[in-house]
Each structure stands twice: as C-alpha cells, then as structure tokens.
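Inspection log for the structure reproduced underneath, given as structure tokens.
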Ligand SMILES: *Cc1c(COP(=O)(O)O)cnc(C)c1O
C-alpha cells in the first residue's frame with residue numbers, strides 16, 4: 012500500500028515514509044492510494060481489541076514487518092490501559108457511548124498516540140534514518156499531553172508541543188507543564204489553536220529552515236492528526252464498537268448504524284469515514300461542532316469560511332476554525348480531484364474561505380450545540396441515568412438529539428465519547444447546578460463522587476508535581492523557539 016499527497020498523486024511513498032514525514036512536502040496530507048476493505052464482520056466479533064488492531068493497522072501499514080506491528084499494538088494497549096480492553100461501549104438513554112478515554116492522559120488521543128511512537132521508531136530503524144526526529148505538535152489541549160506521554164524518552168525522538176496560552180482547560184495545562192522526560196518541550200503561545208497549527212505547518216513548509224535543521228542532525232515529524240499514523244489506529248475502535256453491538260446481539264449482521272463524533276480537526280470523524288469505506292455498515296456520519304460551527308455551516312451551505320472570531324468554549328479541544336483533515340475527506344469524496352483540492356486550499360489560505368458546490372448532503376450531517384445545550388445535556392443525563400458526560404461528549408449527544416428530532420432516524424447509534432469528565436470539572440459541575448469550587452482538586456473530588464469512581468492517579472498526582480515547563484512565545488517566534496529548544500535542551504524550558 013502506497014501513500015500520496017492530497018495535492019499530488021505522482022509522488023508515492025511507503026507508510027513508513029509517510030509516518031516519518033508527517034505532512035507531504037507540497038503541504039498536502041498523505042492518504043492511502045486505496046482504502047482496503049473488510050467483510051464478514053460476523054467472523055470478527057470475538058476478536059480482542061488488540062487482535063482487531065493488528066489486523067486493521069497491518070492492512071494499511073503493510074510495509075512494516077508483522078512483528079513490529081504486533082509489538083506496537085501490544086505495547087500500546089497493555090499496561091497503559093490498565094491491562095483491560097482499551098475501549099468500553101456503554102449504553103445509556105438509548106445510545107451507545109464509545110468511551111475512548113481510558114488511556115494514560117484520559118482523552119481519545121491516547122488511542123493513536125500510544126501506538127504512533129512505536130511505528131515511528133520502527134520506521135526510523137528500518138529506514139536507517141540517522142537524524143533525530145523532532146515531533147512538532149500543535150495542541151488544542153489533548154494531543155499535546157498524549158504526544159508528550161507517548162514519546163517521552165523514546166530514543167532518537169524529541170517532542171515539542173505548542174499550546175494556546177488561554178485556550179486549554181486548567182487540568183490540560185497542568186498535565187503538560189508538569190511533563191517529565193528529557194526529550195519533552197512545552198511552549199505556550201500567545202495565540203489560539205489555529206495560530207499554533209498554522210505556525211507548525213509553516214515550519215514544515217519552510218525548505219530553508221528544514222535544510223538548516225537537517226545540517227544540525229534533525230528531521231521534523233508530526234504527532235497531529237495530519238500524520239496518517241495517527242489516523243489509522245483510530246479506525247479500529249469504530250469497527251470494534253460495531254462488533255461489540257453484534258456480539259451483544261443489539262444489532263443483526265449487516266444492520267446499519269449511525270455514528271456521532273464531536274469534531275475539531277476532523278481527524279476522529281475521518282477515521283469513522285474510513286471505517287465506513289472499509290465496508291462497515293454505517294449509514295450517517297454526524298459531525299458535531301460547538302459554537303465554532305465552521306463545519307456545520309460548511310455542510311449546510313457548501314461555503315467553508317474561517318473568517319470569524321474563534322470562541323473559547325467549555326469544549327476547548329474543539330475550538331478550531333481550520334479543520335485540517337477535511338482536506339482528506341474532500342479528496343476522497345471528490346474522486347481524488349487533486350487540482351480541485353489544491354485550489355480550495357489556496358483559496359482558504361489566501362482568502363480565508365472556499366466553496367464546495369458539489370457537496371452531497373448524504374455524506375455527512377453537520378450540526379452544532381451551544382453552551383446552554385451542552386449544560387442541559389450534562390444535567391439531564393446525570394439526573395436521568397447517573398451518567399457523567401464531559402463537555403465534548405455532551406456536544407455530540409446534544410447534536411444527536413437534534414438529528415433525531417429533525418430526521419426521525421433512530422438507527423442504533425454510537426457516540427464517540429472523547430474525554431474523561433475529570434479533565435473539565437468546572438463545566439460539568441456548573442451544569443449539574445452546583446457551585447464550582449475555586450480549587451481545581453476539590454472540583455475533581457465532586458466529579459469522582461458523581462461518577463462513583465476513584466480519582467485516577469494521573470489526575471491526583473498533578474496536585475503535587477513540580478512545574479517543569481514555563482516557556483511562552485509569540486506566534487511569530489515559533490521557528491526560533493524550536494531552534495533554541497533543540498540547542499539548549501532542558502535548560503531553556
Ligand atoms: C481532539 C479532541 C476532539 C476533536 O477531535 P478531532 O479529531 O480533532 O476532530 C474532540 N474531543 C476531545 C476531547 C478531543 O481531545
């Protein structure tokens with residue numbers, strides 16, 4: 012299986028190369044030249060998560076030795092997930108929550124970012140790359156920590172994470188600034204997530220700068236969902252969720268379901284689209300946005316318009332106006348029309364918007380939920396079912412309710428539950444009509460009581476861990492910041 016850029020089909024690379032590079036030289040994103048298919052889902056229903064992951068990841072990344080894929084999956088989904096099945100499907104209020112937040116950093120990003128470091132390391136060894144890799148990462152809150160944790164102390168790899176200074180939750184910030192590991196660097200930027208992501212993409216596109224880095228012994232890669240190594244492991248859990256429904260006899264073989272995904276950079280929902288294209292019986296993909304409803308507007312009108320103010324919401328990991336992976340989606344549904352993609356992306360960067368008139372409404376249903384709707388959903392779900400949703404999951408649930416009302420389509424539904432409520436105690440507590448304590452950790456105790464679980468050690472330990480990363484920079488200074496970090500090592504943090 013080869014990979015090529017969404018903007019140029021001629022230059023094919025192996026999956027190892029695509030994973031090391033992260034993004035194509037022309038600014039496009041790597042996509043598989045064809046999406047492999049699965050059939051006979053019935054015969055897969057007794058597969059463990061690891062078995063299924065080995066099968067699916069192995070189909071896409073077939074230039075990897077089988078033992079490397081196996082080692083990656085075994086290493087990712089063992090101890091780090093408490094040696095349990097990494098994903099849980101929980102039925103509440105007539106919907107199925109696919110809980111993807113049981114990993115080391117309590118958000119779905121762990122599902123891929125526990126695997127990616129193994130794939131990266133194996134690719135570096137197999138390809139005989141001598142330079143050290145610098146994994147440049149822009150985060151809206153959850154990718155940063157998951158990348159830091161995943162790549163911590165991986166030989167030959169450095170991680171640099173840029174997060175928007177005022178754009179992440181208090182707990183997300185604490186998770187990052189207390190990060191240990193000699194190869195980890197965390198920088199707050201004075202800007203929002205889009206600024207951070209654009210800065211990172213600009214660094215990738217700067218030929219001169221990359222040459223300079225290479226002379227100093229470094230090559231760049233990415234841990235964002237622009238990296239195909241992030242995306243493919245995420246396909247697995249949608250298939251797993253479906254198989255779980257089959258196994259529990261909640262659906263019949265071949266029966267179609269709908270999937271709802273709370274969306275920011277469009278990576279997670281794109282993985283659901285890949286699962287569908289692989290043959291999984293999925294009817295509608297429902298793209299749920301928060302108040303930053305660029306995608307909702309796009310799916311309704313065909314106009315993608317990023318020229319608006321980015322709002323800070325209670326679901327910060329979705330506070331994004333430029334959804335990178337939409338490019339891959341458009342590539343696939345346009346029949347791989349690279350010149351059209353190039354054109355749209357040029358317009359987006361030069362004019363701030365583009366139009367896609369051919370868009371078929373059948374492909375995706377887009378809708379958004381505002382802050383009041385999110386609070387109401389959290390409150391009602393807790394009172395009715397005793398189930399606590401984090402604000403991102405609550406966006407998805409709220410949107411699903413609107414979908415149901417509008418369409419009457421009540422097929423079995425899976426809702427991607429992307430983060431643990433522990434990461435966003437303030438919004439959860441206020442939604443339940445309680446007073447939010449000033450102290451973060453008192454709030455966390457309230458969440459633990461509501462969920463009737465112990466506070467995870469990854470959360471409780473944050474109260475006493477020393478802050479190791481204090482650097483901030485302006486959005487124009489990201490290139491320099493990277494150079495200084497690499498030259499200065501830890502002392503610059
Ligand atoms: C990253 C994230 C999202 C958005 O996922 P995308 O793949 O960027 O669309 C939603 N919820 C949470 C909790 C996240 O961390």
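Numbering (my numbering), first residue to last: 12 to 504. No residue lacks a Cβ here, since even glycine has one placed at the ideal position from N, Cα and C. Note that the structure is a prediction, hence the values are computed from the model and not measured.
Any heavy atom of ligand 1 closer than 7 Å to the Cβ of residue i?
i	result
residue 276	yes
residue 118	yes
residue 403	yes
residue 29	no
residue 467	no
residue 153	yes
residue 426	no
residue 430	yes
residue 6	Look at the range of the chain in this structure, 12 to 504, and you will see that residue 6 is not part of it.
residue 280	yes
residue 97	no
residue 436	no
residue 115	no
residue 423	no
Please determine whether the Cβ atom of residue i lies at a distance below 7 Å from any heavy atom of ligand 2.
i	result
residue 329	The ligand content of the structure shown is limited to ligand 1, which means ligand 2 is not among them.
How is the alpha helix (DSSP H) around residue i delimited, first residue to last?
i	result
residue 195	Note, residue 195: premise wrong, no alpha helix (DSSP H); beta strand (DSSP E) at 195 to 201.
residue 88	Run containing residue 88: none; DSSP gives neither H nor E here.
residue 3	What the structure shows of the chain is the stretch from 12 to 504, and residue 3 is not part of that stretch, so it cannot be assessed.
residue 121	121 to 124
residue 436	436 to 442
residue 409	402 to 418
residue 461	451 to 462
residue 128	127 to 138
Hey, quick one: how far does the beta strand (DSSP E) through residue i stretch, first residue to last?
i	result
residue 364	364 to 366
residue 397	Residue 397 -> no beta strand (DSSP E), and no H or E assigned at all.
residue 43	41 to 43
residue 379	375 to 379
Under the three-state reduction of DSSP, which class applies to residue i: helix, strand or coil?
i	result
residue 506	Missing from the structure shown is residue 506; the chain here goes from 12 to 504 and no further.
residue 314	strand
residue 488	helix
residue 468	helix
residue 30	helix
residue 72	coil
residue 148	strand
residue 427	strand
residue 288	helix
residue 507	The requested residue 507 does not occur in the structure, where the chain is confined to residues 12 to 504.
residue 499	helix
residue 67	helix
residue 504	Confidence in residue 504 is poor, its pLDDT being 42 and thus under 50, which makes the residue's placement too unreliable to answer from.
residue 447	coil
residue 35	coil
Do residue i and residue j have their C-beta atoms closer together than 8 Å?
i	j	result
residue 179	residue 327	yes
residue 16	residue 40	yes
residue 436	residue 466	no
residue 445	residue 457	yes
residue 249	residue 199	no
residue 425	residue 252	yes
residue 145	residue 158	no
residue 235	residue 118	no
residue 69	residue 92	no
residue 276	residue 238	no
residue 303	residue 324	yes
residue 414	residue 378	yes
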